[in-house]
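Q: Residue 90 in this note's numbering sits at position 90 of the sequence shown, and the numbers go up by one each step.
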Amino acid sequence: MPNIEALNFIIAVLALLVAVYSIHYTLKFNRRKITICNGEFRSDSIDSPIAFLEIHNISPTPVTILYIRFCTESGDVVSPLLNYEPAQTHSENGLFSMQDIIPDFKYAEPLDCPCILQPYTSVEPSYYFSKSYDRLLIQVYCAERIHCFKKHQSFLVHFANIQE
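1) Using CA coordinates, which residue listed in 49, 148, 68, 155 is at the minimum distance from residue 32?
2) For the beta strand (DSSP E) that contains residue 207, what are its first and last residues?
3) If you check the beta carbons only, do residue 57 and residue 154 fall under 8 Å apart?
4) Taking residue 67 and residue 37 to be in contact with their CB atoms under 8 Å, please state how far apart those CB atoms are, rounded to whole angstroms.
5) Quick one: grab the DSSP three-state call for residue 38.
6) Would you please state the rounded distance, in angstroms, between the beta carbons of residue 159 and residue 136? I believe it to be under 8 Å.
7) Quick test of the definition: if touching needs 3 or more C-beta pairs under 8 Å, does the segment 94 to 111 touch the segment 21 to 31?
8) Measure the CB-CB distance between residue 132 and residue 41 and report whether it falls below 8 Å.
9) Quick check: what's the CA-CA separation for residue 9 versus residue 118?
10) With 16 as the cutoff for other CB atoms within 10 Å, does residue 51 come out buried or exposed?
11) Excluding sequence positions up to five away, which residues of its chain have a Cβ less than 8 Å from the Cβ of residue 100?
12) Kindly indicate which three-state DSSP category residue 155 falls into: helix, strand or coil?
13) Am I right that residue 157 and residue 55 are in contact with their C-beta atoms under 8 Å? What's the rounded C-beta distance?
14) Can you give me the C-alpha to C-alpha distance between residue 103 and residue 65, rounded to a whole angstrom?
15) In whole angstroms, what separates the C-alpha of residue 53 from that of residue 150?
16) Measuring alpha carbon to alpha carbon, tell me which of 142, 138, 152, 5 ends up nearest residue 75.
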């Protein structure tokens, strides 16, 4: 009889270890993770600078982005120009004046929040600012935990400046 009790105890301990490992594996596999890359500013003499960036969901579960906050490296909050429209220019021909076509990239596409990012997808928002920045601290706030036990994560993005 003592052999059966010892065998039952060994089986129970092994079952406990397998259960703990499966819980750990499930939590690790379903962890949400996002990244930001490819930040660039474009500016010209007519319009304010516009910032382009890509937010990627590199996890197997969806992420709901609630809002984004922009800060300088020193921590000062920078507000994007949300209602900014690109300026309309005109070409002068000897006889008449024509409106120039505004390229699509000049229309800012701020993130409509909340925005649900499906697994392994990305979104490419763009924002107008009063001036261009070399670096911005971008804080992404989500409905789910995305960084340790936090529902927000900060990214220091180095922007490439392009003068047209």
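Using N, Cα and C, we set each Cβ at its ideal position, and we do this for glycine too.
Predicted model, so just to flag it, every value in this text is computed and none were measured.
A: Straight from the coordinates:
1) 148
2) No answer is possible for residue 207: the residues shown for the chain start at 1 and end at 164.
3) no
4) Between residue 37 and residue 67 the Cβ distance is about 20 Å, and since that is not below 8 Å, they are no contact.
5) strand
6) 7 Å
7) no
8) yes
9) 44 Å
10) buried
11) 88, 89, 90, 91
12) strand
13) Their Cβ separation, rounded to whole angstroms, is 10 Å, which puts residue 157 and residue 55 out of contact at 8 Å.
14) 28 Å
15) 22 Å
16) 138
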